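J.: Taking the UniProt record's numbering, I'd label the letters of the sequence shown as residues 1 to 983.
Don't be surprised by glycine CBs; every beta carbon is placed ideally from N, CA and C.
On a predicted model such as this, the values are computed, not experimentally measured, just so you know.
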Amino acid sequence: MTDDLIARLLTDVENQPTWQELADVLWLAERLSRESDGRPHTWGWERPPVPDTWSQPDSGPPAGRTKPPGADPPHAEHVQLYADVPRDVASASARLALPGGQDGVGNATPVRLPTTPALRNVLALRRALRPLGSRTLPGPGPELQLDEEATVERIADTGFWLPVLRPAPVRWLDVALVVDDSVSMAVWDRAVREFRDLLDTAGAFRSVQVWSLPSEEFRSLGVVLRRGLPARASTTSATYSSPGELVDPTGRRVVLVVSDCISPSWSDGTLEQLLRLWGRSGPVAIVQPLPRRMWERCPLNLHKVTLRSPGPGAANTRLVKPGAPMPVPVLLLDPDSIGPWASLTSGESSVVESLVTLVGSSPLRRPELPDDPTAAELSPTELVQRFRNDASPEAYNLIVYLSAVALSPPVMRIVQHRMLADPRPSQLAEIYLSGLLERTEDSVGARGDDIVFDFRPGVRAELLGALRSKAARQILQYVTEYLETAHGSRVEFAALLRNDDDAVAELRRHRPFAEVSAHVLRRLDAKYETVARSLERHRMPGLTTEAAAGAHEVWGAVPPRPAELLDRERLLDELHRALTSGGTVPQVLCSPEGGGATAVAVEYAYTLGSAFDLVVWLSAGSPSVGGADRARLADELARRSWQGTEPSWLVIMDGAAAGEVLPDLPGGRRSTLITSSVPDWPEGFAVHRVPALRRRKAFPLARLHATEVTASQGRYLAERFGGSPLALELAATFLAVTGELPEAGPERTGPGNGSSTASDPAVEACRISLDHVLRTEPSTRDLLHRLAVLAAGPVPLTLLVGRSQKKSGQAFDPALTALRRLALLRGGEPGGEYVFVHPAVRRACRERFPEEELAEARRAVRARMVEYYGRDAPDVPALWSRFGALTRHLDPVGALGDTDAYVRELVLRQLRYLRACGDTTGCRVLGTLALRRLAANSDAGHPGVQALVALLADVLEECGAGEDAAALRADPVDWSRQEPGAT
């Protein structure tokens, strides 16, 4: 601690001690040390404790970058080498391997890495702010101070030595520091913190309040503020405030908005309204961290004007004539920029020249950001060349280095600090402004460091062509170190290059890193092709690489991809050969519930589906109808046929039964893949049975969901649930969430329906998780009721959560969150449309609850359907996707046979929708089933029956089945019983 004190004294540029003061400090420190430990103190660097978390030696800087001998650190602040290491767990020390150690770790010495302050001229900035602290006001509080002159006069007049106290004066201005919480501002976090500290210690303000401005979340949250500096991770615990809280009627608050002005909220006028709100009551200015040469890329209308202030603390609207646009000064973090503004605001100067943006003069222009349409017209080579011409050499070198990594902000910062000799925030800012990056689909709704970027198509390959092999190896080494430090993944780089199974599996847990690493290794050397293929075997659909050439479209509500697909490579290859052989025989993937048939189909759609021009995913239901998917598909095939091509396409029907009628779909070069839990299929279908997961693959799969699982726990999970991937995932997730092993126990059937036995591992794992979640989160009961009565597969979120809650993007209720945490649900992220319910989960829910509770749940879901879908117009194509999502759930919840007038109208709208989109076969099948269900609950004269008969008869006549239409009108009940295709 004494060393730290002396170091701070020596590096304090403002309060340098004299030699006498320093001698006194050393003398006192020596005596304090003797008293504390009974021996003289030996001066020198002490070895600070190194946390156990940091067990690997630092690989050091890249070749060619060495510190000059004898160079002293310019600043004593520690630097954090890896992202997401808590400050209270690991200091900014790094291990430096010194000669003489056998393993390079045991003899490592922690050293402090020097770092340069983000604010280069703190002392001059303090002086620039000094005019703002020149005015004081009588203090309103209880704090008092000695009035020396009055005290002397009292002593002289009365002879009594009594002090005269008066209220302590206070500074006349508060300052509100509003920091833009956009992703591009993350590179300026350190500069913002230092600027905040400068305002705190400058002595110019009565108080300093810090607010975050979530400018990229205004669409979901509204225009709000958050207290404190930006949090660079998604959080649900933040509290929000109105921007109006910063309005001070007395005019004694300065608002400083720190922003690079890149966020879309600067272009759409939202931030302009905030500036006008704050500028009407007091001084407001923009603090722009970007270098001046980069301001042209921002959407601000900049003008150099002469500002005239009528007095101290004048609001921005009073700096110009009434009716003129309001000027907002734009300041650099530089004393030459801040000084004149401080003089104007304090009243020390009444006239200054300043660079301003005029609020209300004209719409702000939109800069060339990643969505810039002109960028879309350029080739990857032209995009890279344009950036190279405009950017600094350091920024270009950095973006070449970044082509070898997955683009998350923490990793980008690590590569910058490891590979550049003089890393500065402006280098990353240039890359964010380059137009070469775009957000991945997986990061929709994320914020801060949780956002993941990717390069525009083709740009990564173009940049990799300029990356040297030695630098690429260094960067991949840094990536594996980052994964170990930040995520606990034990990926050894040398083992990865040997194609070690464990190393490859560990890296594949982090798919963006695995995909990019595969791309880099392939370009490094042909000998790494095997490693690259192993890493790419399970490709993310949102990642664009050269190996993904021949990109294809995937339509439909496809379930989320599994975390890993082990032991299925041979099955995928066999399936691919069968589907691409040119035959028309439907291929069927069979497995027990939870055995992985759907997971294999999902993986095939994304990894091998590029053999087809189009992949269409349909979820089986009762009955199966094509609906809007059929109409869209027919239009697409007709369009391509008109262009002279005959596209090949693949339809995947998930969860179908052997006797189920497939939807009426267009023909053409179609291949069909069906997933099913039914083992027996008639002739005309080629059956592929999904093998049980082998025992030796169970432990790696369990580790994907419970990273801290021990060997004994892994053996238990493999023996109890290992044959079923779903059961193993549920059991491992249960262990990770609760810290307890899922006990086998007796059969956990409830009072409801079902005849499952405890030998069904998937349903048994579901029961264990259901028991836990019902015990710990009672609010999940209503949600589980709904899941029990709705069809398995994709469930629209509007049937589970409120429409306003879904649109807002906020965290859903604890019930939905609890089920997702235990892997009982998939999907359901903010901004999504569906959650996906596995049939085993639905079956376990049905067994858990009595029939009276399920009947009430069906009534509640029907009411919700009427509320959210009952007014939709069936002839509007834009609404067809909503109708299509609902159709398969109508029969399971009892809507087809409901005699309620509102529910009958809902069913009629569904039939009109099928008719409008051209699926007359689907309309006939669904209408027949509805007629059969309703006739069982009423008589032929019921208004609902008559409405169904009229609609169905019209559809039959349109199809040329006049005799069937006449038979239907004559005896609706008898006709519905004889009509095939509806059961």
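For Gly927, count neighbouring C-beta atoms within 10 Å of its own C-beta (all shown protein chains included) and say buried if the count is 16 or more, exposed if not.
T.: Start at 1 with the first residue of the sequence shown, and residue 927 comes out as number 927. Counting Cβ neighbours within 10 Å, Gly927 comes out buried, since at least 16 surround it.
J.: Alpha carbons only, please: which of Gly244, Val945 and Leu816 is nearest the one belonging to Thr780?
T.: As a first step, residue 780 is located in the sequence shown; it is residue number 780 there, counting from the start. Measuring from the Cα of Thr780, the nearest candidate turns out to be Leu816.
J.: Using DSSP's beta-bridge definition, name the partner residues of residue 992.
T.: The shown model of the chain, from 1 to 983, leaves out residue 992, and the question about it has no answer.
J.: Ser976 to Glu743, Cα distance in whole Å?
T.: Working through the sequence shown from its first residue, we reach residue 976 at position 976. Working through the sequence shown from its first residue, we reach residue 743 at position 743. The straight-line gap from Cα to Cα measures roughly 49 Å.
J.: Measuring only the C-alpha atoms, how far is Asn397 from Pro230?
T.: Here residue 397 refers to the residue found at position 397 of the sequence shown. Here residue 230 refers to the residue found at position 230 of the sequence shown. Roughly 29 Å between the two C-alpha positions.
J.: Just the C-alpha distance for Glu149 and Arg171, rounded to the nearest angstrom, thanks.
T.: If you number the sequence shown from 1, residue 149 lands on position 149. If you number the sequence shown from 1, residue 171 lands on position 171. Rounded to whole angstroms, Glu149 to Arg171 spans 22 Å at the Cα level.
J.: For the alpha helix (DSSP H) containing Phe734, list its first residue and its last residue.
T.: Here residue 734 corresponds to residue number 734 of the sequence shown, with the count starting at 1. First-last of the alpha helix (DSSP H) with Phe734: Pro725 to Thr738.
J.: Would you kindly work out how many angstroms separate the C-alpha atoms of Thr607 and Glu438, rounded to a whole number?
T.: Reading the sequence shown from its first residue, position 607 is the one you call residue 607. Reading the sequence shown from its first residue, position 438 is the one you call residue 438. Roughly 22 Å separates the two Cα atoms.
J.: Classify Ala611 as helix, strand or coil using the three-state DSSP reduction.
T.: As a position in the sequence shown, residue 611 is number 611, starting the count at 1. Ala611 falls in the helix class under three-state DSSP.
J.: Rounded to a whole number of angstroms, what is the C-alpha to C-alpha distance between Ala966 and Leu896?
T.: Numbered from 1 along the sequence shown, position 966 holds the residue referred to as residue 966. Numbered from 1 along the sequence shown, position 896 holds the residue referred to as residue 896. Roughly 23 Å between the two C-alpha positions.
J.: Rounded to whole angstroms, what is the Cα-Cα separation between Arg435 and Ser403?
T.: Taking the sequence shown and counting its residues from 1, one reaches residue 435 at position 435. Taking the sequence shown and counting its residues from 1, one reaches residue 403 at position 403. Per the sequence shown, the amino acid found at residue 435 is Gly instead of Arg. Between Gly435 and Ser403, the C-alpha separation is close to 15 Å.
J.: State the Cα-Cα distance for the pair Cys872 and Leu914, rounded to the nearest angstrom.
T.: As a first step, residue 872 must be located in the sequence shown, where it is residue number 872. As a first step, residue 914 must be located in the sequence shown, where it is residue number 914. At residue 872 the sequence reads Asp, which differs from the Cys that was named. Distance between the alpha carbons of Asp872 and Leu914 is about 13 Å.
J.: Check the C-beta distance from Asn316 over to Gly279 and give it rounded, since I have them as a contact under 8 Å.
T.: For the purposes of this step, residue 316 is taken as residue 316 along the sequence shown, with counting starting at 1. For the purposes of this step, residue 279 is taken as residue 279 along the sequence shown, with counting starting at 1. With a Cβ gap of about 3 Å, Asn316 and Gly279 count as contacting.
J.: Provide the residue(s) that pair with Glu353 in DSSP beta bridges, ordered along the chain.
T.: Locating residue 353 in the sequence shown gives position 353, counting from the first residue. Answer by DSSP bridge pairing, in chain order: Thr306.
J.: Kindly indicate the opening and closing residues of the alpha helix (DSSP H) around Trp555.
T.: Taking the first residue of the sequence shown as 1, we reach residue 555 at position 555. No alpha helix (DSSP H) holds Trp555; the beta strand (DSSP E) holding it covers Glu553 to Trp555.
J.: Would you tell me roughly how many angstroms separate the C-alpha atoms of Arg696 and Ala711, rounded to the nearest one?
T.: Residue 696 sits at position 696 when you count from the first residue of the sequence shown. Residue 711 sits at position 711 when you count from the first residue of the sequence shown. When rounded, the distance between both Cα atoms is 12 Å.
J.: So what's Glu217 in DSSP terms, helix, strand or just coil?
T.: Indexing the sequence shown from 1 puts residue 217 at position 217. Helix.
J.: Measure the C-alpha to C-alpha separation of Ala557 and Glu719 and round it to an integer number of angstroms.
T.: For the purposes of this step, residue 557 is identified with residue 557 of the sequence shown, where counting begins at 1. For the purposes of this step, residue 719 is identified with residue 719 of the sequence shown, where counting begins at 1. Taking the straight line from one Cα to the other gives about 34 Å.
J.: Once DSSP output is grouped into helix, strand and coil, what is the label at Phe883?
T.: As a working mapping, residue 883 is identified with position 883 in the sequence shown. DSSP places Phe883 in helix when its eight states are reduced to three.
J.: Taking the Cβ atom as the reference point for each residue, do Ala176 and Val254 lie within a distance shorter than 9 Å?
T.: Here the question's residue 176 lines up with position 176 in the sequence shown. Here the question's residue 254 lines up with position 254 in the sequence shown. Yes, the Cβ-Cβ distance between Ala176 and Val254 is below 9 Å.
J.: Give the DSSP-derived three-state secondary structure of Thr160 in the structure shown.
T.: Here residue 160 refers to the residue found at position 160 when the sequence shown is read from its first residue. The question names Thr, but residue 160 in the sequence shown is Phe. In this structure, Phe160 counts as coil in the three-state DSSP scheme.
J.: Within 10 angstroms of the Cβ of Val734, are there 16 or more other Cβ atoms? Answer buried if so, exposed if not.
T.: Counted from its first residue, the sequence shown places residue 734 at position 734. In the sequence on display, residue 734 carries Phe and not Val. That one is buried.
J.: Give a yes or no on contact between the stretch 205–222 and the stretch 285–294, applying the rule of three or more CB pairs nearer than 8 Å.
T.: Output reads no: the stretch 285–294 does not touch the stretch 205–222.
J.: Using the Cα positions of Pro380 and Pro425, report the straight-line distance between them to the nearest angstrom.
T.: Locating residue 380 in the sequence shown gives position 380, counting from the first residue. Locating residue 425 in the sequence shown gives position 425, counting from the first residue. Spanning the two alpha carbons is a distance of roughly 25 Å.
J.: Take Arg848 as the anchor and find which of His688, Asp771 and Gly870 has the nearest alpha-carbon.
T.: Numbered from its first residue, the sequence shown carries residue 848 at position 848. Ranking His688, Asp771 and Gly870 by Cα distance to Arg848 puts Asp771 first.
J.: I'd like to know whether the C-beta atoms of Leu271 and Ser259 end up nearer to each other than 9 Å.
T.: Here the question's residue 271 lines up with position 271 in the sequence shown. Here the question's residue 259 lines up with position 259 in the sequence shown. Against a cut-off of 9 Å, the Cβ pair of Ser259 and Leu271 comes out as a contact.
J.: With a Cβ-Cβ cutoff of 9 Å, do Thr798 and Tyr869 count as a contact?
T.: The count along the sequence shown starts at 1 and reaches residue 798 at position 798. The count along the sequence shown starts at 1 and reaches residue 869 at position 869. The answer is yes: Cβ separation under 9 Å.
J.: In the DSSP assignment, the alpha helix (DSSP H) including Phe721 goes from what residue to what residue?
T.: Numbered from its first residue, the sequence shown carries residue 721 at position 721. Looking at the DSSP string, the run of the alpha helix (DSSP H) that includes Phe721 is Ala711 to Phe721.
J.: Please report how far the alpha carbon of Ser392 lies from the alpha carbon of Arg473, in whole angstroms.
T.: One-based indexing of the sequence shown puts residue 392 at position 392. One-based indexing of the sequence shown puts residue 473 at position 473. Going from the Cα of Ser392 to the Cα of Arg473 covers about 24 Å.
J.: Checking 9 Å against the spacing of the C-beta atoms, do Asp954 and Ala916 come in under that value?
T.: On the sequence shown, position 954 is the one that residue 954 refers to. On the sequence shown, position 916 is the one that residue 916 refers to. It is not a contact, given that the beta carbons lie outside the stated cut-off.
J.: If I follow the unbroken beta strand (DSSP E) through Val178, where does it start and stop?
T.: For this step, residue 178 is matched to residue 178 along the sequence shown. Unbroken beta strand (DSSP E) run through Val178: Asp174 to Asp180.
J.: Report back the beta-carbon spacing between Gly827 and Pro560 to the nearest angstrom; my notes put them in contact at under 8 Å.
T.: As a first step, residue 827 is located in the sequence shown; it is residue number 827 there, counting from the start. As a first step, residue 560 is located in the sequence shown; it is residue number 560 there, counting from the start. Yes, Gly827 and Pro560 are in contact; Cβ-Cβ is about 6 Å, under 8 Å.
J.: Alpha carbon to alpha carbon, what distance is there between Glu143 and Thr151?
T.: If you number the sequence shown from 1, residue 151 lands on position 151. If you number the sequence shown from 1, residue 143 lands on position 143. Cα-Cα distance, rounded: 18 Å.
J.: Got a sec, what are the start and stop residues for the beta strand (DSSP E) Phe453 sits in?
T.: The residue given as residue 453 occupies position 453 in the sequence shown. Phe453 -> beta strand (DSSP E) spans Phe453 to Phe455.
J.: Mind checking whether residue 985 and Gly609 have CB atoms under 9 Å apart?
T.: Because the chain spans 1 through 983 in this model, residue 985 falls outside it and cannot be assessed.
J.: Given a cut-off of 9 Å, decide if Arg888 and Leu934 are closer than it, judged by their beta-carbon atoms.
T.: Numbered from 1 along the sequence shown, position 934 holds the residue referred to as residue 934. Numbered from 1 along the sequence shown, position 888 holds the residue referred to as residue 888. Taking 9 Å as the Cβ cut-off, Leu934 and Arg888 do not qualify as a contacting pair.
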